[in-house]
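In the numbering used here, the protein residues as written are 0 to 253. For glycine and all other residues, C-beta sits at the position ideal for the given N, C-alpha and C. One structure is given below, encoded as structure tokens.
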Amino acid sequence: MPTDLVQLTLSDSIATITLNRPDKLNALNGEMLARLDAIADELDRANDVRVVLLTGAGKAFCVGADIFEWSSLSPLEMGRRWIRDGHRIFERFARLPQPVIAALNGYTFGGGLELALAADLRLAAAGITLSFPEVKLGIIPGWGGTQRLPELIGKSRAKQMIFSGARISAEIAEDWGLVNEVVEGEKLMERAQALAGEIAANGPVAVQLSKQLIDGGEMASLEALAGSLASYTQDAQEGVAAFRERRAPRFVGQ
Ligand code: COA
0 MPTDLVQLTL
10 SDSIATITLN
20 RPDKLNALNG
30 EMLARLDAIA
40 DELDRANDVR
50 VVLLTGAGKA
60 FCVGADIFEW
70 SSLSPLEMGR
80 RWIRDGHRIF
90 ERFARLPQPV
100 IAALNGYTFG
110 GGLELALAAD
120 LRLAAAGITL
130 SFPEVKLGII
140 PGWGGTQRLP
150 ELIGKSRAKQ
160 MIFSGARISA
170 EIAEDWGLVN
180 EVVEGEKLME
190 RAQALAGEIA
200 ANGPVAVQLS
210 KQLIDGGEMA
220 SLEALAGSLA
230 SYTQDAQEGV
240 AAFRERRAPR
250 FVGQ
């Protein structure tokens, strides 16, 4: 059942996902995770979507996992359900065929930063802060942060952020390569939409193939890519024709 806590809109082949729980600074609860999962499913198959924008309503992008929700789980439930679900859903966003741009409009903490790291590009409003505060609660960033953060900014800076739990400014995040651009707050969505529009105007297959190549395709993506290319060759047509005509194929290598 769709919920208002995560909104999805589509305009000019750009899908915008808005985390919409502003009174709790968009802290992610189970209902929101399930909705994000369903949205990933929808976008994965949506030929009319060329770019995905991710943002938050109110003064936060997302302050991470809902502390009250996960802290009431047993350790086994937390491992089996909460952490694995979040991991799987964020991975789905990372693997979407379309580029995903996170427009960080406010606090980007913990699981919120992990969701932003699953996006391809990040734009941040000037003056916001980003952090991994998990160790301050005695837990760890469990939705991909320990892997995606060092991959993006190097182990040394990642360790500084994760070990200290300290907040860094958007400007430092840009300097470290954690965000692509810092934009004045009121211009953030305008800039995000302009960038999305610029990407959406390009050849969608070329953009999507570039994403897969840069990310180092998993086996399923590589097979999908190789399979579609092979099926487009003259030889594939000849192979099918030969099968239909019950004769040996005459391949030409094209
Ligand atoms: N989970 C659940 N609820 C959260 C939350 C979280 N991660 N972060 C904030 N909230 C809730 C608060 O409980 C509060 O709810 P209430 O109004 O019903 O009491 C509401 O969101 C606003 O938060 P508040 O702390 O009053 O806002 P603030 O502007 O004073 O501080 C932060 C903002 C982000 C500095 C602070 O909320 C914070 O440190 N949050 C926790 C971040 C975190 O540790 N994330 C990792 C989670 S694993």
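What's the call for glutamine 233, buried or exposed, on a 16-neighbour Cβ count within 10 Å?
-> To locate residue 233, count along the sequence shown from 1; it is residue 234. Under this definition glutamine 233 is an exposed residue.
Simplified DSSP assignment, three categories, for methionine 0 = Taking the sequence shown and counting its residues from 1, the one referred to as residue 0 is at position 1. Only weak support is given to the placement of methionine 0: the predicted model assigns it a pLDDT of 47, under 50, and the question is left unresolved by the model.
Is the closest heavy atom of the ligand PLP to the C-beta of lysine 158 under 7 Å?
-> Ligands in the displayed structure: the ligand COA; the ligand PLP is not one of them.
Can you say whether serine 155 is buried or exposed, counting buried as having 16 or more other CB atoms within 10 angstroms of its CB?
-> The residue given as residue 155 occupies position 156 in the sequence shown. With fewer than 16 Cβ atoms within 10 Å of its Cβ, serine 155 is classed as exposed.
Can you tell me which of the three DSSP states glycine 85 falls into?
-> Along the sequence shown, read from residue 1 onward, the residue named residue 85 stands at position 86. Looking at glycine 85 - three-state DSSP - the assignment turns out to be helix.
From what residue to what residue does the alpha helix (DSSP H) around leucine 187 run?
-> Position 188 of the sequence shown, counted from the start, is the residue given in the question as residue 187. Note, leucine 187: alpha helix (DSSP H), 187-199.
Among Pro149, Pro132, Val178, Ala56, which residue has its Cα nearest to the Cα of serine 163?
-> Position 164 of the sequence shown, counted from the first residue, corresponds to residue 163. Of the candidates Pro149, Pro132, Val178, Ala56, the one whose C-alpha sits nearest the C-alpha of serine 163 is Pro132.
DSSP bridge partner residues for valine 272 (one or two, in chain order) | A query on residue 272 cannot be resolved here, the shown segment of the chain reaching from 0 to 253 and no further.
Thinking C-beta only, is glutamine 211 closer than 8 Å to glutamine 97?
-> Translated into the one-based positions of the sequence shown, residue 97 becomes position 98. Translated into the one-based positions of the sequence shown, residue 211 becomes position 212. In terms of Cβ geometry, glutamine 97 and glutamine 211 do not form a close pair [threshold 8 Å].
Sorted by chain position, which residues of the same chain lie with C-beta nearer than 7 Å to proline 203's C-beta, five sequence neighbours on each side aside?
-> Residue mapping note: residue 203 aligns to position 204 of the sequence shown, counting from 1. Only Arg49 meet the Cβ criterion.
Alpha carbon to alpha carbon, how far is alanine 240 from phenylalanine 250? Give it in angstroms, no decimals.
-> In the sequence shown, residue 250 corresponds to position 251, counting from 1. In the sequence shown, residue 240 corresponds to position 241, counting from 1. Those two C-alpha atoms are separated by around 11 Å.
Per DSSP, which residues does arginine 121 bridge with? Please list them.
-> Mapped onto the sequence shown, residue 121 falls at position 122. Bridge partners of arginine 121: Ala101.
Would you kindly check if the distance between the Cβ of alanine 59 and the Cβ of serine 89 is under 8 Å?
-> Stepping through the sequence shown from its first residue, residue 89 is reached at position 90. Stepping through the sequence shown from its first residue, residue 59 is reached at position 60. Going by the sequence as given, residue 89 is phenylalanine instead of serine. Not closer than 8 Å, so no.
So leucine 52 packs on alanine 200, CB below 8 Å; how close in whole Å?
-> Position 53 of the sequence shown holds residue 52. Position 201 of the sequence shown holds residue 200. Between alanine 200 and leucine 52 the Cβ distance is about 15 Å, and since that is not below 8 Å, they are no contact.
Valine 178 burial status per 10 Å Cβ neighbour count (16 or more: buried) = In the sequence shown, residue 178 corresponds to position 179, counting from 1. Its Cβ being crowded by 16 or more others within 10 Å, valine 178 is buried.
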